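Undergrad: In this note's numbering, the protein residues as written are 328 to 482.
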């Protein structure tokens with residue numbers, strides 16, 4: 328189950344507002360290295376991919392892990408470019424869709440919130456399991472079939 332619209336918005340606000348805070352840089356880098364499938368809203372998914380591509384540093388070798396440009400003017404430039412030219416992010420995006428970038432998500436966004444966000448990112452809904460009575464019935468049938476086969480091979 329991917330992030331809903333509210334969690335996705337807070338995650339994007341976190342990336343675009345707290346990038347100069349040394350405390351949050353590693354967490355922002357970790358978030359950018361996550362797959363885009365964790366964001367459910369298509370507009371937010373486009374924003375996430377724009378930030379992910381725009382903030383990726385040059386890699387000299389293929390085996391190197393991804394590196395990110397977090398903090399300073401380069402990060403601010405990528406965010407400002409998205410805010411003032413939303414068509415760079417996606418062809419059908421408007422300024423209203425991107426207006427929340429750069430605003431702080433609030434005091435409730437803490438390390439605990441970030442951990443919960445990661446859980447939501449990768450949370451897969453559990454499959455519906457059959458009732459225990461049905462499982463036991465199937466197991467009994469399998470055992471009785473094996474017993475019958477074993478008896479028929481002995482004769």
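Note that CB positions come from ideal geometry on N, CA and C, so glycine has one too.
Just so we're clear, the structure is a prediction, and the values are computed from it rather than from any experiment.
#1: Tell me the DSSP secondary structure of residue 403 in three-state form.
#2: Identify whether residue 379 lies in helix, strand or coil by the three-state DSSP scheme.
#3: So residue 342 packs on residue 378, CB below 8 Å; how close in whole Å?
#4: Given a cut-off of 9 Å on the beta-carbon distance, is the pair residue 376 and residue 358 in contact?
#5: Tell me whether residue 473 sits in a helix, a strand or coil according to DSSP, three-state version.
#6: Pairing CB atoms from the region 408–418 with CB atoms from the region 344–351, are three or more of them under 8 Å?
#7: Go through its chain and collect everything with a Cβ distance to residue 362's Cβ below 7 Å, but skip five positions before and after it.
#8: How should residue 336 be labelled, buried or exposed, when 16 other C-beta atoms within 10 angstroms of its C-beta is the threshold for buried?
#9: What are the residues that DSSP puts in a beta bridge with residue 330?
#10: Checking the sheet assignment: what are the DSSP bridge partners for residue 395?
#11: Rounded to whole angstroms, what's the CA-CA distance from residue 330 to residue 368? Just pull it up for me.
#12: Can the beta-carbon of residue 365 be found closer than 9 Å to that of residue 440?
TA: From the atom records:
#1: Residue 403 sits at position 76 when you count from the first residue of the chain shown. In this structure, residue 403 counts as helix in the three-state DSSP scheme.
#2: As a working mapping, residue 379 is identified with position 52 in the chain shown. Three-state DSSP puts residue 379 in a helix.
#3: Along the chain shown, one-based indexing puts residue 342 at 15. Along the chain shown, one-based indexing puts residue 378 at 51. Yes, they are in contact, since the Cβ atoms of residue 342 and residue 378 sit about 6 Å apart, within 8 Å.
#4: Translated into positions along the chain shown, residue 376 becomes position 49. Translated into positions along the chain shown, residue 358 becomes position 31. Not in contact: residue 376 and residue 358 (Cβ atoms no closer than 9 Å).
#5: Counting from 1 along the chain shown, the entry for residue 473 is found at position 146. Caution is warranted here: a pLDDT of 49 is assigned to residue 473, below 50, making its placement in the model unreliable, and no coordinate value can be reported.
#6: no
#7: The residue you call residue 362 lines up with position 35 of the chain shown. Nothing listed; no residue qualifies.
#8: Looking up residue 336 in the chain shown gives position 9. Counting Cβ neighbours within 10 Å, residue 336 comes out buried, since at least 16 surround it.
#9: As a first step, residue 330 must be located in the chain shown, where it is residue number 3. Paired residue(s): 366.
#10: As a first step, residue 395 is located in the chain shown; it is residue number 68 there, counting from the start. Answer is 383.
#11: The residue given as residue 330 occupies position 3 in the chain shown. The residue given as residue 368 occupies position 41 in the chain shown. When rounded, the distance between both Cα atoms is 8 Å.
#12: Counting from 1 along the chain shown, the entry for residue 365 is found at position 38. Counting from 1 along the chain shown, the entry for residue 440 is found at position 113. No, the pair does not count as a contact, with Cβ atoms beyond the cut-off.
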